[in-house]
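If you read the protein sequences in the order shown, they are chains A and B. If you read the first sequence in this note's numbering, its first letter stands for residue 42, the second for the next number, and so on. If you read the second sequence in this note's numbering, its first letter stands for residue 42, the second for the next number, and so on. Cβ atoms here follow ideal geometry from the backbone N, Cα and C, with glycine treated the same way. These numbers were taken from a predicted model, which means no experiment stands behind them. Below is one structure, written out as structure tokens; comments come after it.
There are 2 protein chains.
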Amino acid sequence: MSEKPRSATTKDRLVAAAYELFEERGFDATTAEDIARRAGVGRTTFFRAFGSKDDVIFPEHDLLLGRIDERLAAATPATRALALSEATRVVLRHYLDEGELARARYRLVGSVPALRARETGGIQQYQRLFARWLREWMSHLPDGHLRADLLAADLVTAHNYVLRRWLRDQTSDPESEFDQAMRVALERYQPSGLEPSSTVVVLRTSATPAAIQAQLQPLLDNEAPLS
Amino acid sequence: MSEKPRSATTKDRLVAAAYELFEERGFDATTAEDIARRAGVGRTTFFRAFGSKDDVIFPEHDLLLGRIDERLAAATPATRALALSEATRVVLRHYLDEGELARARYRLVGSVPALRARETGGIQQYQRLFARWLREWMSHLPDGHLRADLLAADLVTAHNYVLRRWLRDQTSDPESEFDQAMRVALERYQPSGLEPSSTVVVLRTSATPAAIQAQLQPLLDNEAPLS
DNA sequence: CTTATAGACGGAACGGCGTACCAACAAGTA
DNA sequence: TACTTGTTGGTACGCCGTTCCGTCTATAAG
Numbered sequence: 042m043s044e045k046p047r048s049a050t051t052k053d054r055l056v057a058a059a060y061e062l063f064e065e066r067g068f069d070a071t072t073a074e075d076i077a078r079r080a081g082v083g084r085t086t087f088f089r090a091f092g093s094k095d096d097v098i099f100p101e102h103d104l105l106l107g108r109i110d111e112r113l114a115a116a117t118p119a120t121r122a123l124a125l126s127e128a129t130r131v132v133l134r135h136y137l138d139e140g141e142l143a144r145a146r147y148r149l150v151g152s153v154p155a156l157r158a159r160e161t162g163g164i165q166q167y168q169r170l171f172a173r174w175l176r177e178w179m180s181h182l183p184d185g186h187l188r189a190d191l192l193a194a195d196l197v198t199a200h201n202y203v204l205r206r207w208l209r210d211q212t213s214d215p216e217s218e219f220d221q222a223m224r225v226a227l228e229r230y231q232p233s234g235l236e237p238s239s240t241v242v243v244l245r246t247s248a249t250p251a252a253i254q255a256q257l258q259p260l261l262d263n264e265a266p267l268s
Numbered sequence: 042m043s044e045k046p047r048s049a050t051t052k053d054r055l056v057a058a059a060y061e062l063f064e065e066r067g068f069d070a071t072t073a074e075d076i077a078r079r080a081g082v083g084r085t086t087f088f089r090a091f092g093s094k095d096d097v098i099f100p101e102h103d104l105l106l107g108r109i110d111e112r113l114a115a116a117t118p119a120t121r122a123l124a125l126s127e128a129t130r131v132v133l134r135h136y137l138d139e140g141e142l143a144r145a146r147y148r149l150v151g152s153v154p155a156l157r158a159r160e161t162g163g164i165q166q167y168q169r170l171f172a173r174w175l176r177e178w179m180s181h182l183p184d185g186h187l188r189a190d191l192l193a194a195d196l197v198t199a200h201n202y203v204l205r206r207w208l209r210d211q212t213s214d215p216e217s218e219f220d221q222a223m224r225v226a227l228e229r230y231q232p233s234g235l236e237p238s239s240t241v242v243v244l245r246t247s248a249t250p251a252a253i254q255a256q257l258q259p260l261l262d263n264e265a266p267l268s
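As structure tokens, this is what we get:
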């Protein structure tokens with residue numbers, strides 16, 4: 042616990058060596074021994090540090106899962122919509138902070154099917170974590186479990202949508218796009234015990250209910266003050 | 042093309058042998074040579090037939106992708122909602138028809154992390170296929186690409202929700218539950234050029250917009266007649 | 001009937017992954 | 001100094017998935 046500096050640098054050197062070699066020769070043409078040799082350690086040490094060749098690419102996965110869980114556990118009924126948005130934002134921010142490293146990983150994963158599978162497996166873990174909380178929060182609604190699963194999928198999908206746009210340099214303001222994406226995704230969420238004063242709404246329009254509901258959602262969000 | 046009977050039985054014997062051994066000793070404790078020996082063929086033949094040990098579990102994947110693509114390609118603007126629902130139903134029906142084999146696979150996949158990753162990879166392929174069509178259909182809407190991705194995720198998630206309930210014996214009428222799940226998932230879809238006669242809606246209720254919209258959606262669905 | 005060509009098959013060998021085991025070595029403690 | 005504790009590298013092993021090659025069978029041509 043106190044030897045972070047030395048231990049961290051060994052792992053970091055392995056990660057750096059791995060990315061170098063992957064970009065030089067490709068993933069499949071790089072052996073674990075190659076990586077270890079360039080990092081100046083033995084092959085055994087490499088597997089002790091990462092467990093598998095794929096793990097070099099996705100190291101902070103468990104950390105992010107933990108942070109999401111914390112954020113969702115801290116939500117009160119009134120702040121759940123916000124908690125969902127912020128928990129998702131934690132992941133986005135993490136990749137934004139990585140900068141070029143995240144883009145290198147994106148290129149790599151996109152070109153190696155085995156890594157794609159690994160990545161989607163990780164994404165699924167996020168989704169299941171969100172679903173676990175949402176099922177609890179929405180179980181009283183009609184089709185609550187289904188709607189919880191759908192919203193969990195939507196949150197993850199919306200996050201990936203914005204993240205991929207940033208990774209491909211298709212946006213200069215990912216945070217704003219993320220806000221909008223969360224707004225759309227959270228159309229599926231309605232606060233649980235909230236019983237607001239009844240309101241008369243009269244509409245004369247050809248807009249579909251979905252469009253109307255999209256317009257009204259921000260009002261509902263604002264009604265739930267953050268703690 | 043005409044040697045289906047002999048070729049099919051070899052593959053089928055390998056699949057049968059594989060499932061037997063997986064249930065007897067578990068996935069990891071079963072080698073490719075074990076499977077081949079029990080099926081009465083050589084190890085080389087096994088890898089020629091399936092390419093990898095995982096592939097024995099998910100053989101008809103490409104077939105299903107093809108059928109979905111066909112169904113979506115055949116949709117007209119007026120029948121797209123129905124096409125989405127039916128294309129998804131193709132997958133559900135496939136597993137329902139498999140019966141006990143599907144349940145054996147479910148137990149197996151649930152207990153072996155490597156197979157889980159493989160399965161989610163397959164699911165992601167379905168999702169991407171749906172998204173490809175939906176992006177085309179919805180690109181004119183505000184946030185069209187995002188909404189297309191979300192709906193694709195919802196369709197796949199809704200399907201998996203019902204399928205898993207059936208796999209766990211939590212439902213006796215998966216088709217009806219699937220209808221309802223599709224209804225909820227398709228709340229995200231609004232037909233493209235549809236410009237219905239305007240309607241005045243007066244509501245005095247404490248229900249949220251999302252709930253109201255959920256109630257109204259069937260009316261919209263009925264407006265798009267099937268060809 | 002014989003020969004030729006193509007395709008399915010099994011065997012052997014190879015590189016690589018991930019694991020298990022072991023010996024060497026450093027650092028802190030009695 | 002001796003003893004633990006933990007990290008490291010080396011060796012060996014089983015298995016995966018691929019490649020190469022020789023064998024067998026079947027269908028067609030001569």
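- By the Cβ criterion, the stretch 66-75 of chain B is not in contact with the stretch 126-137 of chain B, since fewer than three pairs of Cβ atoms, one from each stretch, lie closer than 8 Å.
- Note that the stretch 167-176 of chain A touches the stretch 107-114 of chain A; at least 3 beta-carbon pairs, one per stretch, sit closer than 8 Å.
- Taking CB atoms only, residue 104 of chain B has no neighbour in chain A less than 7 Å away.
- Along the stretch 185-212 of chain B, the positions whose C-beta sits under 7 Å from a C-beta of chain A are 187, 188, 190, 191, 194, 195, 198, 199 and 202, read in chain order.
- Restricted to the stretch 147-185 of chain B, the alpha helix (DSSP H) segments that are unbroken, complete and at least 4 residues in length are 154-179, listed in chain order.
- Chain A has a Cβ within less than 7 Å of the Cβ of residue 162 of chain B.
- No residue range can be given for residue 98 of chain A, since it is assigned to no alpha helix (DSSP H) and is classified by DSSP as neither H nor E.
- A residue is called buried once 16 or more other Cβ atoms fall within 10 Å of its Cβ, and residue 217 of chain B, having fewer, is exposed.
- Taking all protein chains in view, the Cβ of residue 114 of chain B is surrounded by fewer than 16 other Cβ atoms within 10 Å, so the residue is classified as exposed.
- Boundaries of the alpha helix (DSSP H) around residue 225 of chain A: 215-226.
- Residue-level contact by beta carbon fails for residue 153 of chain B and chain A, as no gap is shorter than 7 Å.
- 7 Å or more divides the Cβ of residue 63 of chain A from the Cβ of residue 156 of chain A.
- Proximity of the stretch 186-193 of chain B to the stretch 223-232 of chain A meets the contact definition, three or more beta-carbon pairs being nearer than 8 Å.
- For residue 222 of chain A, the nearest CB of chain B lies under 7 Å from its own CB, placing it at the interface with that chain.
- Contact note: residue 97 of chain B does not reach chain A at a C-beta cutoff of 9 Å; the least C-beta distance is about 17 Å.
- The three-state secondary structure of residue 129 of chain B, taken from DSSP, is helix.
- Assignment of residue 136 of chain A by DSSP, reduced to helix, strand and coil, places it in the helix class.
- With contact defined as three or more Cβ pairs closer than 8 Å, the stretch 48-61 of chain B and the stretch 92-104 of chain B are in contact.
- Taking CB atoms only, residue 77 of chain A has no neighbour in chain B less than 7 Å away.
- Boundaries for residue 72 of chain B: no alpha helix (DSSP H) harbours it, and the DSSP string shows neither H nor E there.
- Residue 129 of chain A is not a Cβ neighbour of residue 191 of chain B, given a cutoff of 7 Å.
- Residue 165 of chain B belongs to the set of residues whose beta carbon lies under 7 Å from a beta carbon in chain A.
- In the structure shown, residue 197 of chain B falls within a helical segment according to DSSP collapsed to helix, strand and coil.
- Taking every protein chain shown into account, the CB of residue 85 of chain B has fewer than 16 other CB atoms within 10 angstroms, so this residue is exposed.
- Within the stretch 122-136 of chain B, no residue places its CB atom closer than 9 Å to a CB of chain A.
- Inclusion of residue 147 of chain B and residue 208 of chain B in the CB contact set at 7 Å is warranted, their separation being smaller than that value.
- For residue 115 of chain A, no alpha helix (DSSP H) encloses it, and the DSSP letter there is neither H nor E.
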